[in-house]
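Okay, structure first, notes after.
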Amino acid sequence: MTGTNNGAAGESGSSPSRFEILYEDNHLLGIVKPVNIPVQEDATGDPDLLTLLKEDVKERYAKPGNVFMGLVHRLDRPVGGAMIFAKTSKAASRLSESVRTHAFQKVYLTVVHGQLPGAEARLEHTLLKDPKSNTVQAVREGTPGGKQAILDYTVIGTAEGYSLVRIDLLTGRSHQIRVQLSDVGCPLYGDQKYGAAVNRPGQQIALWSALTRFPHPVTKEEVELLSLPPRSYPWNLWTPQMQKQAIL
887 MTGTNNGAAG ESGSSPSRFE ILYEDNHLLG IVKPVNIPVQ EDATGDPDLL TLLKEDVKER
947 YAKPGNVFMG LVHRLDRPVG GAMIFAKTSK AASRLSESVR THAFQKVYLT VVHGQLPGAE
1007 ARLEHTLLKD PKSNTVQAVR EGTPGGKQAI LDYTVIGTAE GYSLVRIDLL TGRSHQIRVQ
1067 LSDVGCPLYG DQKYGAAVNR PGQQIALWSA LTRFPHPVTK EEVELLSLPP RSYPWNLWTP
1127 QMQKQAIL
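Using the working numbering, read the sequence shown as starting at 887 and increasing by one per residue.
Listed below in structure tokens is the structure:
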């Protein structure tokens, strides 16, 4: 079962959603997360995606009472793309187990400054988060509180001093992609937190959740959510066909 930007299978009798739905049934809701919306309520008090989705489902299906919406994985506030939510506690539990057993695949596209060392490689770091500043840094292995972070990257193409890169995330650490690539000298385009020296204020970070693949928590069929980045700079330096081919 595949969901793309072009539409989805939803429950019968629903009205249109305010979100771009990639996949929907009685157990799951897959959407394109808009950029610059927090997934969960945070200190800013800005509207968060989880609350907005509950309201959306409640309105579309005229559901009485509270609506369940389970958060299975997260995306940083400035990041957009494919994201799956559970509509029942059973689905949430089973999807969380898929994450733990690495049956839950997440592929990202990103645009970075410069050229990475090699066309493809695995990056392994120890990352330490400072909750007070909401920042993460790469530290020496064995540092108290540090957590192992692993990703695989593949360079898809280069243009105008930038590289389009596929990221296969093997661990799910906070700010992981942003910190690891910055640490090897290739900060993400638009990343003000880990690439302030080469980015301008106001630039949108070029990191996109392009593919999410996992076994359906009930039917066990493979579910695949596909979302390509917007056709804005610097994404438009490469064709959608090239981007899609790179992630499938």
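Glycine included, C-beta positions come from ideal geometry on N, C-alpha and C.
- [ ] If I'm right that G1076 touches Q1090 with Cβ under 8 Å, what's the distance once you round it to whole angstroms?
- [x] 5 Å
- [ ] Spell out the partners DSSP gives R1008 in its beta bridges.
- [x] D1038
TODO: Go ahead and pull the three-state DSSP assignment for K919.
DONE: In this structure, K919 counts as strand in the three-state DSSP scheme.
TODO: Go ahead and pull the three-state DSSP assignment for R1099.
DONE: strand
TODO: Report yes if the CB atom of D969 is closer than 8 Å to the CB atom of L981, and no otherwise.
DONE: The question names Asp, but residue 969 is Met in the sequence shown. Cβ distance not < 8 Å, so M969 and L981 don't count as in contact.
- [ ] Indicate whether E1027 and T1012 have their beta-carbon atoms separated by less than 8 Å.
- [x] With a cutoff of 8 Å on beta-carbon distance, E1027 and T1012 are scored as near each other.
TODO: Flag this pair as yes or no: are the beta carbons of L1002 and V1070 separated by less than 8 Å?
DONE: yes
TODO: Within the same chain, show all residues whose beta-carbon is closer than 6 Å to that of E927, passing over the 5 residues directly before and after it, in chain order.
DONE: D934
Open item on the list: What residue range does the beta strand (DSSP E) around A1024 cover?
Closed with: T1021 to V1025
Task: P958 - DSSP class collapsed to helix/strand/coil - done: This sequence places Val at residue 958; Pro is not what is there. Here V958 sits in coil by DSSP.
Open item on the list: With distance defined between alpha-carbon atoms, name the residue in Y994, L939, Y1119 and Q1131 nearest to R904.
Closed with: L939
- [ ] Give the DSSP-derived three-state secondary structure of A1083 in the structure shown.
- [x] coil
Task: Nonlocal neighbours in the same chain, by C-beta distance under 6 Å from V1104, ignoring five residues either side - done: H913
Task: Inter-stretch contact at 8 Å, needing at least 3 Cβ pairs: the region 1049-1062 / the region 982-993 - done: yes
TODO: Check whether the Cβ atoms of G967 and S1095 sit closer than 8 Å, and answer yes or no.
DONE: yes
Open item on the list: As a quick exercise: from P1101, L1037 and V1041, pick the residue whose alpha carbon is nearest that of R1059.
Closed with: L1037
Task: D1016, buried or exposed, once every other Cβ within 10 Å from all chains shown has been counted against 16 - done: exposed
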